[in-house]
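If you count the sequence shown from 1, position 343 lands on 343 in the UniProt record's numbering, and the numbers rise without skipping. Cβ atoms here follow ideal geometry from the backbone N, Cα and C, with glycine treated the same way.
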Amino acid sequence: MAGTGTDAVTDEYDVIVLGGGPAGEVAAEFATAGSPRTAAIVEHELLGGECSYWACMPSKALLRPGEVVRSGQHMAGVSATGPDVEPVLSRRDSFTHDYDDSAQVEWADSVGVDLIRGSGRIDGERVVVVDGTRRLRARHAVIVATGTTATVPDTPGLRAALPWTSRDATAVREVPRRVAVVGGGVVGCESATWLADLGAAVTLVVRGSGLLGRVEPFASELVTEGLRERGVTVRFGTEIRAVHRPDVEDTGVGRIHGGPVALEFSGGGGLEVDEIVVATGRTPATAGLGVDEYLDERGYLKVDDQLATAAGWLYAVGDANGRALLTHMGKYQGRVCGDVIAARAEGRPTDGRGFRADGPVPQVVFTSPQVASVGHTAAQARANGFDPQIVDVDLAVAGAALFRDDFTGRARLVVDRARDVLLGATFAGTEVSELVHAATVAVTGRVPVDELWHAVPAYPTVSEVWLNLLTEVRRGRDRGHHTHV
Ligand SMILES: Cc1cc2nc3c(=O)[nH]c(=O)nc-3n(C[C@H](O)[C@H](O)[C@H](O)COP(=O)(O)OP(=O)(O)OC[C@H]3O[C@@H](n4cnc5c(N)ncnc54)[C@H](O)[C@@H]3O)c2cc1C
Ligand SMILES: NC(=O)c1ccc[n+]([C@@H]2O[C@H](COP(=O)([O-])OP(=O)(O)OC[C@H]3O[C@@H](n4cnc5c(N)ncnc54)[C@H](O)[C@@H]3O)[C@@H](O)[C@H]2O)c1
Numbered sequence: 001m002a003g004t005g006t007d008a009v010t011d012e013y014d015v016i017v018l019g020g021g022p023a024g025e026v027a028a029e030f031a032t033a034g035s036p037r038t039a040a041i042v043e044h045e046l047l048g049g050e051c052s053y054w055a056c057m058p059s060k061a062l063l064r065p066g067e068v069v070r071s072g073q074h075m076a077g078v079s080a081t082g083p084d085v086e087p088v089l090s091r092r093d094s095f096t097h098d099y100d101d102s103a104q105v106e107w108a109d110s111v112g113v114d115l116i117r118g119s120g121r122i123d124g125e126r127v128v129v130v131d132g133t134r135r136l137r138a139r140h141a142v143i144v145a146t147g148t149t150a151t152v153p154d155t156p157g158l159r160a161a162l163p164w165t166s167r168d169a170t171a172v173r174e175v176p177r178r179v180a181v182v183g184g185g186v187v188g189c190e191s192a193t194w195l196a197d198l199g200a201a202v203t204l205v206v207r208g209s210g211l212l213g214r215v216e217p218f219a220s221e222l223v224t225e226g227l228r229e230r231g232v233t234v235r236f237g238t239e240i241r242a243v244h245r246p247d248v249e250d251t252g253v254g255r256i257h258g259g260p261v262a263l264e265f266s267g268g269g270g271l272e273v274d275e276i277v278v279a280t281g282r283t284p285a286t287a288g289l290g291v292d293e294y295l296d297e298r299g300y301l302k303v304d305d306q307l308a309t310a311a312g313w314l315y316a317v318g319d320a321n322g323r324a325l326l327t328h329m330g331k332y333q334g335r336v337c338g339d340v341i342a343a344r345a346e347g348r349p350t351d352g353r354g355f356r357a358d359g360p361v362p363q364v365v366f367t368s369p370q371v372a373s374v375g376h377t378a379a380q381a382r383a384n385g386f387d388p389q390i391v392d393v394d395l396a397v398a399g400a401a402l403f404r405d406d407f408t409g410r411a412r413l414v415v416d417r418a419r420d421v422l423l424g425a426t427f428a429g430t431e432v433s434e435l436v437h438a439a440t441v442a443v444t445g446r447v448p449v450d451e452l453w454h455a456v457p458a459y460p461t462v463s464e465v466w467l468n469l470l471t472e473v474r475r476g477r478d479r480g481h482h483t484h485v
């Protein structure tokens, strides 16, 4: 029976998915596509998950206008102002559909997946209980795709101050005049960017010494410079000892939660702001699901490359398995997991290449400048026992200068000398997001550098940076390990 957004009537399905975010949706679709198998998704908030309503979609809708304005401001003959708050927030709302998931429910209907509204937990082998009352049984598989929630540290006074999390920052309705963003990861850097674009005076409070922990150090430095140039105060080595907000009010998501907030720093000193955004990482939504024996020490489900746990019938995709907290990787896992379940249900072998979700991880951080990367950084390559050739070049090519007057940035290739293939690539610079897929293809396909030499970038495009990178790889082979241009 097709999903209606209300309770479906079937109590036995071939596949039951807990959590209707992007990973769970795709897994349900692929496990049943082109077959008579049935699937249900159990979802206790909105079908579409965090990504659609409180994460990727609204954040990128809030970030793009600022980048377009900067593009216009750095192009002779073009005048650009803004971004203007109200139209930007309305455009954001058009992407989150005002938190109405009926379009996703139609999608579920169209692929024959039932939606069961409620909170699911596992109660024995292949059995799911919804809201503590309704029992469902899965003939083949149960897939956990419950994602993560924002982690709020137990700093004295912080939780009582009702700080914003990523949900408030992406759902912003009232722009705080002064805001402290706590955490120097992706959420911290991106939300500092859009809140500054919307006119807030932003202080980014970072306990470590750099932004975006796992990226190449030069990318982290360029993002720090970019934030500072646009007026964001970036404070490294700063821990918050206590938070005081005497006048707290639960005004709703995206609204300012009361009066001013005083932050006390561990090393002395402090800061008064109108709102705090806590961007200190994620907590897996796996507690109380009845899967404790399959969790690692951080609370993520332990899975193999086929997304299966040690219990053959139980799988986990997306953020819930902690492999890569990214929508595209969750959807990739959903495709592989769905294919594995389908093959097993049909008695087909699952030892082919298509049945392992072990591809390299691409990511774009939509700050200004952006950071687009895939595979190993230089440090990761060394830590994994490779002897990498590292090649760095400036992003200044003819195509870049034509693209935008202020185009700047750097690119790095990490090459495995032994096999003559790319292990990773990082582009940090003006609007570099679309550059990374070529690198993803090269890394995934293990294309030899000598073959890449024949992949000629069109003139005059930003992709011509590839020519400079590959030229340097050839030169570097004669000169030694690390080359800069
Ligand atoms: C601010 C922000 C910006 C981001 N931007 C990007 C980006 O640009 N690109 C990118 O690739 N990634 C981005 N991410 C990460 C991305 O949002 C996640 O990787 C992605 O949402 C994970 O998808 P998922 O399906 O695993 O989980 P989720 O999207 O978290 O969905 C899980 C679903 O399970 C439901 N659920 C949980 N427990 C239960 C239960 N017991 N019963 C029923 N339902 C349950 C939840 O309600 C939710 O709908 C961003 C994250 C944040 C916070
Ligand atoms: N564009 C994108 O691809 C995108 C955008 C946003 C989020 N995401 C994904 O979402 C995930 C979560 O992002 P995130 O930024 O919340 O987490 P993160 O783990 O990337 O960064 C968390 C930051 O908070 C700091 N921190 C942790 N505990 C702290 C504490 N008690 N006090 C002070 N600082 C503390 C950490 O040192 C780190 O700098 C990431 O893994 C990312 O992949 C992706």
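Sub-8 Å separation of residue i and residue j beta-carbons
i           : j      : result
Ala320      : Val142 : no
residue 492 : Arg245 : As shown, the chain starts at 1 and ends at 485. That puts residue 492 outside it, with no answer to give.
Asn468      : Val393 : yes
Val232      : Ala192 : yes
Val473      : Val371 : no
Ala28       : Val15  : yes
Asp123      : Gly290 : yes
His44       : Leu162 : no
Leu115      : Val128 : no
Val422      : Ala411 : For the record, residue 422 in the displayed sequence is Leu; it is not Val. No; because the gap between Cβ atoms is not below 8 Å, this pair is not in contact.
Gln104      : Gly184 : no
Asp405      : Ala40  : no
Closer than 7 Å: residue i CB and nearest ligand 1 heavy atom
i      : result
Leu289 : yes
Ala145 : yes
His328 : yes
Ala398 : no
Gly49  : yes
Thr430 : no
Arg134 : no
Ser166 : yes
Glu45  : yes
Ala103 : no
Beta-carbon separation (whole angstroms), residue i vs residue j, contact threshold 8 Å
i      : j      : result
Arg255 : Glu125 : 45 Å between Cβ atoms; not a contact.
Thr170 : Ser52  : About 11 Å separates the two Cβ atoms, so there is no contact after all.
Gly424 : Val374 : 6 Å
Asp305 : Arg178 : Incorrect: roughly 47 Å between the Cβ atoms, too far for contact.
Gly270 : Ala262 : 6 Å
Glu286 : Tyr300 : Rather than Glu, the amino acid found at residue 286 in this sequence is Thr. Sure, about 7 Å apart at Cβ, within 8 Å.
Ala23  : Gly354 : Contact doesn't hold; Cβ gap of about 18 Å is too wide.
Val365 : Val182 : Going by Cβ atoms, the distance from Val365 to Val182 rounds to 18 Å, so no, they are not a contact pair.
Residue i: CB within 7 Å of a non-hydrogen atom of ligand 2
i      : result
Gly185 : yes
Pro58  : no
Pro22  : no
Ala201 : no
Ala279 : yes
Pro246 : no
Gln325 : The sequence shown places Leu at residue 325, rather than the Gln named in the question. Within the cutoff, so yes.
Glu125 : no
Arg298 : no
Gly19  : no
Pro360 : no
Arg64  : no
Residue from the options with nearest C-alpha to residue i
i      : options                        : result
Val253 : Leu47, Trp54, Thr38, Val17     : Trp54
Val303 : Leu452, Ala219, Glu297, Arg323 : Arg323
Val88  : Pro65, Arg70, Val78            : Pro65
Val113 : Thr133, Glu50, Gly34           : Gly34
Ser166 : Val111, Thr283, Asp109         : Thr283
Arg356 : Val364, Gln333, Ala80, Thr327  : Gln333
Val68  : Ala160, Ala40, Asp197          : Asp197
Ser90  : Leu325, Val172, Leu162         : Val172
Gly237 : Asp84, Arg207, Pro83, Cys337   : Arg207
His437 : Glu293, Ser463, Pro448, Ala458 : Ser463
Asp101 : Thr149, Gly20, Gly210, Thr350  : Gly20
Arg37  : Val317, Ala138, Arg382         : Ala138
Leu46  : Ala108, Ala61, Pro83, Gln73    : Ala108
Gln380 : Phe95, Val111, Val414          : Val414
Ala398 : Thr461, Thr408, His328         : Thr461
His97  : Met57, Pro369, Gly157          : Met57
Beta carbon proximity, residue i to chain B, threshold 8 Å
i      : result
Val223 : Absence of chain B from the displayed structure is noted, only one protein chain being present.
Beta strand (DSSP E) segments (min. 3 residues) lying fully within the segment 92–179: With a minimum length of 3 residues, the continuous beta strand (DSSP E) runs that stay inside the segment 92–179 are 113–117, 120–122, 127–130, 134–144, 148–150.
Complete beta strand (DSSP E) runs within the segment 352–379 (minimum length 3 residues, chain order): Taken in chain order, the whole beta strand (DSSP E) runs of length 3 or more contained in the segment 352–379 are 362–365, 370–375.
Contained beta strand (DSSP E) runs [length at least 3] in the segment 405–443, N- to C-terminal order: For the segment 405–443, whole beta strand (DSSP E) runs of length 3 or above, ordered along the chain, are 409–416, 421–429.
Runs of beta strand (DSSP E) lying entirely within the segment 237–324, each at least 3 residues, in chain order: Within the segment 237–324, the runs of beta strand (DSSP E) that reach at least 3 residues and sit entirely inside it are, in chain order, 240–244, 261–265, 270–273, 275–278, 282–284, 314–316.
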